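Protein chains in written order, with the numbering used here: chain A, 1 to 293; chain B, 1 to 458; chain C, 1 to 276. All C-beta atoms, glycine included, are put in the ideal place defined by N, C-alpha and C. Source: prediction; values computed, not measured.
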Amino acid sequence: MNATKKIKNLRLFALFVVPSVFIWMTVVIIPLLYGVAITFTDWNGLSMDIHFIGIKNYIAVFRDTAFLTSMLKTVLYVFLSVLGSNLIAFLLALAVTSGMKGQSLFRTGFFTPNIIGGIILGYIWNFIFSYAITGIGERMGIEGLSTSMLTHPTKALTALIIVTIWQMSGYLMVIYIAGLTNVSQELIEAARIDGASPWQIVRNVKFPLIRNSVTICIFLSITRTFMSFDLNLSLTSGGPYKSTELIAYKIYQTAFSSMEFGKGQAQALVLFVIVVTVSLLQVYFTRRGAVEE
Amino acid sequence: MKRKWISVLLMIVMTASMLAGCGSKQDSGTPGAEPDNKAAAEKTDESAPADAKEVNISFYSTQTGIDDTYLDIIDHFEADNPGITVEYIAAGDDQLQKWMSLYASNEGPTVSLMDPINIWENQDRMREMTKEDCPWLDNILEESLVSYIYNDKLYGIPMSAAGYGLLYNQKVLDEAVGGTFDPASIKTRSDLEALFKKIEATGAAGSMFTGVNWSLGSHYLGALVYGPARGDVATRDAFVQAQKSGEANLIDDSLFNGLMDTFDLIAEYNYNKKDPLVGNVNMDAEALVTGKAGTWFMGDWAWVYLADLVAEGDSFGIIPIPYSDDPDDKFNTSIPLSYPKGYCVDASQNTEEQQEAGLKFIEYITSNEYAQKVSIDVGGQALPYKNCTAEIKSPLGQATQKYISEGKAYDIYDGSVNGLPSDFWYECGAYTCEYLAGACDRKQLSEKVGSYWKALEN
Amino acid sequence: MRQRQMNKRVLFVVILFILLLFMIPFFILILNTFKPTAEFTRNPFSWPAAFNLDNYRSAIDTMKFWSAFKNTAVITVLATVLNTLLASMTGYFFSRKKWRINSVLFMLLLASMVAPFQVYMIPLVKLYGGLLGMSNRIITVVYVAAGLNVPFAVFLYHGFVSGIPRELDEAAEIDGCGFTRTFFEIIFPLLKPIMITVMVFVALAVWNDYLMTSLFMTKIETRTLAIAAFAFLTNHTADYSPMMAGLVLGIIPVLVFYLFGQKYIIEGVVAGSVKG
């Protein structure tokens, strides 16, 4: 590689990469490092005196059984939500791109839940679970429906998963659609002429070609559900009796209600490490799968 | 066509990179560690108009629902005090987080309206209020200041007096007792039970709990079990210490058991019995007003929920929560009371001029006739200010006022504002909800609260 | 063939039914914006006794709707444009130049997407609000919002550029196009569908963002729609009906924007199928 090429490359790098990386560094990385530093202190978030306390906060995190319980619940929630929303999103995308009438209506309609922020959605759904469904249950005399799902621990977690799937599948659907429209019609036509069944077309033609979309969607859904906070706050507020405290919500409580800011930060960092590991492994494996195809 | 697209794009690129450049210059332009807070505050003040008399202060309110009232008071205050401008900052449900972020951006509010525990936890930032600085302190009821005095120093001025207990619908109770119901007739738990039975005979539910952590955890469990009924501050602290060390358990405690018997009684006649944790204050307010429930464990602040629903001639009042079956127990006939939020002045990020203007603002809110009138009309609660002549329109506020004037109200903090940690209501409120839902028994509740205390010791 | 037609019809009905289920919450929301709060509290699911627009009037008034709308629109447009531009370039670069530093940076970007915002929000405020004194300025929120969404957008662009055959670049290069020109003249137009998708995502995230924006915009004049709506929500006077009207008012602009974007996505699809 000669010098002029190097300079040229450097110039390209400066033009294409440096601006975005700079803005990201100043907005995410520097504050993040600052945040990590706080985990070694006993700062309450407000107080003027801060003491260095070493790794005490981390010890407290691992000793805290409530944190571990909350983590396990979150894993269950993430698993079911990711599975459900990706399945539904993929099927919806297939259906919507199959050339049926009213395509754009469906596209818009299914995406609508994403137009409203999570906090507000949570309040609307709260009403539905607490009053609409119970009202129907009472009128139809169905005992199981006559009490709110949100006041029973496992049912409340189910409610959270339902709303998450409801919201996220429209979002993921859009990404799947973008992927599916890259699959050329000729290829599908060719497969059809060769006598492939619709299911075979999906499995052997469409699916392999949208591997990238699958990677993206699973990654996005994993990270989004692990971080789920808004919905948790407005739909269940961790209740009934703290049974639906997902991890991000728990962290928020520790940092901002209990005023143990350092400990909350430490919890968040532990979560960060876990989610990074999970999602990078996922990206790595789905990518490797794509190469093998 | 394509060309046009690209030129538009290039223009955007240029603007964007200029914007980014702006940010970056700012970024690198201020090297070094965080400047001393006080100095920074002074600097911002200097950059304000040169006229030394111009002072900008900010007021952070965590009392939701009365933004318009405060804005109105601020308008009047600014008109009466030329040179002072007050910027109003309203909190939502995220009051502590927002407070933290204000302080983090060096914009700590000059005056904040906070819960006593928050002021206590951050007293190192607050300005002490003395008689020399604030001659108007004489106008504040002495007993209302107790929650805001730490180590003999005063850091806050209460905004209102809030009484609570079992709110009742007069019409429903009159029908139940066959005459005019008098809350003083309830002196024991048995009296209450008899009343609930009578109410139920009319077809309404005897009582009602709103199954939320702040009501059950803070107002019931926290304030009553750990409150003044136990004894003076030293006795209460000793009890907490004994729980932390594991020597004392709630289940062996007679006060706790007495209160939980009353709790069980309310729970038995609970309007929300079928699904006790739905916890919607609006729906419950509606149930009380329409007579679906005769009584409701809530406070006089609930007037904001009731006011829109009540019809002409409806009346309401407060019944005390009986601790026991002893008619001579004075706590059975008094209502719990607190001064739940107070105005404090920041000394860590505000200049001396700003602090003084802040004190002036507090003086205005607490002693000005107009400010008092609008506060009372909207909040419906009694104000602990001696010169206040405004009439309370809320029947609930009137009830609290009456209990206070008869000496039948006890301050739940009563000098021990830090008796319960700031997350007690959240953590132990969850356990109390669990108990109400029948998911744990009294012994388990006692164990759960016990382990909460023990965890604090570590 | 008739069987296929039949299947399509069944599928259509099924999807339509699912869509209706999806829309119920919005239906309830809109229904209640026409009722006074007392009527709503009594029965949230009844048909309104009379359709009146009082709630909308009062919401516009209380939320200071127009000022909030203006702030939100300015922030959203600027942040989205800035973000799209920077991220699409970086995504393309990362996908074409397989340098070690690029893959390291890409991995770091991805990893940072997973960082809980709570870990760095207070430091973020300390930095931009405290140290630089940039609170309550639109430019701060634009900068931070654009930056926060960089990893996400780069990730999406990278994924989709990887699906564009390299032969296209090579052909352009043979025609004498440099790297930069290839991107702007050849690749950029091809990115249109995904670009619209990403822009819709980013714009929505910025439009609806409450937490970050509220950290910087503390004054009533600098509020965005999300903050104004949230203020309504936590306003414990429980005046639900105007609040819901406020929500609907906040949704309409985004919905219009999304419908507009929709049109382009379909156009992109058509263009793609012609070329394909």
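Assuming residue i contacts residue j (C-beta within less than 8 Å), just tell me the rounded distance between them.
i, j, result
"Ile53 (chain A)", "Asp42 (chain A)", "5 Å"
"Asp275 (chain B)", "Gly419 (chain B)", "Going by Cβ atoms, the distance from Asp275 (chain B) to Gly419 (chain B) rounds to 33 Å, so no, they are not a contact pair."
"Ser324 (chain B)", "Ala409 (chain B)", "The Cβ separation is near 18 Å, so there is no contact."
"Arg442 (chain B)", "Ile251 (chain B)", "7 Å"
"Leu145 (chain A)", "Gly137 (chain A)", "3 Å"
"Leu246 (chain A)", "Thr74 (chain A)", "5 Å"
"Tyr120 (chain C)", "Pro31 (chain A)", "4 Å"
"Leu216 (chain B)", "Leu396 (chain B)", "About 20 Å separates the two Cβ atoms, so there is no contact after all."
Can residue i and residue j be called in contact, C-beta distance under 9 Å?
i, j, result
"Pro151 (chain C)", "Ser95 (chain C)", "no"
"Gly163 (chain C)", "Asn86 (chain A)", "no"
"Asn387 (chain B)", "Asn139 (chain B)", "yes"
"Asp300 (chain B)", "Ala382 (chain B)", "yes"
"Leu160 (chain A)", "Tyr77 (chain A)", "yes"
"Leu148 (chain C)", "Val17 (chain A)", "no"
"Ile128 (chain A)", "Pro25 (chain C)", "yes"
"Glu100 (chain B)", "Phe256 (chain A)", "Going by the sequence as given, residue 100 (chain B) is Met instead of Glu. Closer than 9 Å, so yes."
"Pro322 (chain B)", "Asp191 (chain B)", "yes"
"Ala307 (chain B)", "Ser394 (chain B)", "yes"
"Phe316 (chain B)", "Leu167 (chain B)", "yes"
"Arg189 (chain B)", "Leu265 (chain B)", "yes"
"Tyr150 (chain B)", "Ile157 (chain B)", "no"
"Gln167 (chain A)", "Asn126 (chain A)", "no"
Distance, Cα to Cα, residue i vs residue j?
i, j, result
"Leu157 (chain A)", "Thr244 (chain A)", "6 Å"
"Ala271 (chain C)", "Ser135 (chain C)", "For Ala271 (chain C), the predicted structure reports a pLDDT of 42, less than 50, and the residue's modelled location is therefore unreliable. The matter cannot be settled from this model."
"Asp36 (chain B)", "His51 (chain A)", "With a pLDDT of 41 at Asp36 (chain B), under the threshold of 50, the modelled position of this residue cannot be trusted, and the question is left open."
"Leu280 (chain A)", "Val202 (chain C)", "22 Å"
"Thr33 (chain C)", "Met63 (chain C)", "15 Å"
"Lys454 (chain B)", "Asp152 (chain B)", "30 Å"
"Leu102 (chain B)", "Leu215 (chain C)", "8 Å"
"Arg224 (chain A)", "Val275 (chain A)", "10 Å"
"Ile193 (chain A)", "Ile175 (chain A)", "28 Å"
"Leu309 (chain B)", "Gly109 (chain A)", "37 Å"
"Val36 (chain A)", "Met212 (chain C)", "19 Å"
"Leu94 (chain A)", "Glu186 (chain A)", "17 Å"
"Asp45 (chain B)", "Met173 (chain A)", "Low local confidence applies: a pLDDT of 42 at Asp45 (chain B) is under 50, so the model's placement there is unreliable, with the coordinate-based value given in what follows. Using only the alpha carbons, I get a separation of about 52 Å."
"Gly195 (chain A)", "Ile210 (chain A)", "22 Å"
"Ala74 (chain C)", "Phe22 (chain A)", "Residue identity differs from the one stated: residue 74 (chain C) is Val in this sequence, not Ala. Straight-line Cα distance between these residues: approximately 23 Å."
"Ala26 (chain A)", "Ala145 (chain C)", "The displayed chain sequence assigns Thr, not Ala, to residue 26 (chain A). Their Cα atoms are separated by approximately 12 Å."
"Pro253 (chain C)", "Phe219 (chain A)", "29 Å"
"Val172 (chain B)", "Lys197 (chain B)", "13 Å"
"Ser144 (chain B)", "Ala91 (chain B)", "24 Å"
"Ser47 (chain B)", "Met129 (chain B)", "Residue placement at Ser47 (chain B) is poorly supported in this model, since its pLDDT is 41, which falls under 50; the coordinates are not used for a value here."
"Thr164 (chain A)", "Leu21 (chain C)", "15 Å"
"Ser58 (chain C)", "Phe257 (chain C)", "25 Å"
"Lys263 (chain A)", "Pro123 (chain C)", "15 Å"
"Gly380 (chain B)", "Leu78 (chain C)", "45 Å"
"Asp230 (chain A)", "Val104 (chain C)", "31 Å"
"Thr295 (chain B)", "Tyr452 (chain B)", "31 Å"
"Gly246 (chain C)", "Thr76 (chain C)", "19 Å"
"Tyr343 (chain B)", "Met159 (chain B)", "7 Å"
"Phe183 (chain C)", "Ile174 (chain C)", "14 Å"
Could you tell me if the beta carbon of residue i falls within a distance shorter than 8 Å of some heavy atom in the ligand ATP?
i, result
"Leu168 (chain C)", "Within the structure as shown, the ligand ATP is missing, as the structure has no ligands at all."
Q) Okay, do the stretch 118-130 of chain C and the stretch 104-112 of chain B touch, 3+ Cβ pairs below 8 Å being the bar? A) Counting Cβ pairs under 8 Å, three or more are found: they touch.
Q | Uninterrupted beta strand (DSSP E) stretches inside the stretch 340-400 of chain B (no shorter than 3 residues) | A | Annotation note: the stretch 340-400 of chain B contains the following uninterrupted beta strand (DSSP E) runs of length 3 or greater, listed N- to C-terminal: 342-345.
(Q) Please give me, in chain order, every unbroken run of the alpha helix (DSSP H) with length at least 4 that falls completely inside the stretch 226-292 of chain A. (A) Listed in chain order, they are 247-252, 261-292.
Q. Does the stretch 79-86 of chain C come within contact of the stretch 246-263 of chain A, defined as at least 3 CB pairs closer than 8 Å?
A. No, they do not touch.
Q | Inside the stretch 209-281 of chain B only - alpha helix (DSSP H) runs reaching at least 4 residues | A | Segments of the alpha helix (DSSP H) lying fully in the stretch 209-281 of chain B: 233-244, 254-268.
Q) Is it a yes or a no for the stretch 76-85 of chain B touching the stretch 53-62 of chain B, going by three-plus beta-carbon pairs under 8 Å? A) The stretch 76-85 of chain B is in contact with the stretch 53-62 of chain B.
Q. With contact counted as at least three CB pairs below 8 Å, one residue from each stretch, are the stretch 335-343 of chain B and the stretch 157-166 of chain B in contact?
A. In short, these stretches touch, since the Cβ pair count reaches three.
Q: Decide yes or no for the touch test of the stretch 54-61 of chain A against the stretch 182-196 of chain C: beta carbon pairs closer than 8 Å, at least 3 of them.
A: Taking 8 Å as the limit for Cβ pairs, the verdict is that the stretch 182-196 of chain C does not touch the stretch 54-61 of chain A.
Q. Is the stretch 356-364 of chain B in contact with the stretch 115-125 of chain B, if contact means three or more CB pairs nearer than 8 Å?
A. Not touching, per the Cβ criterion.
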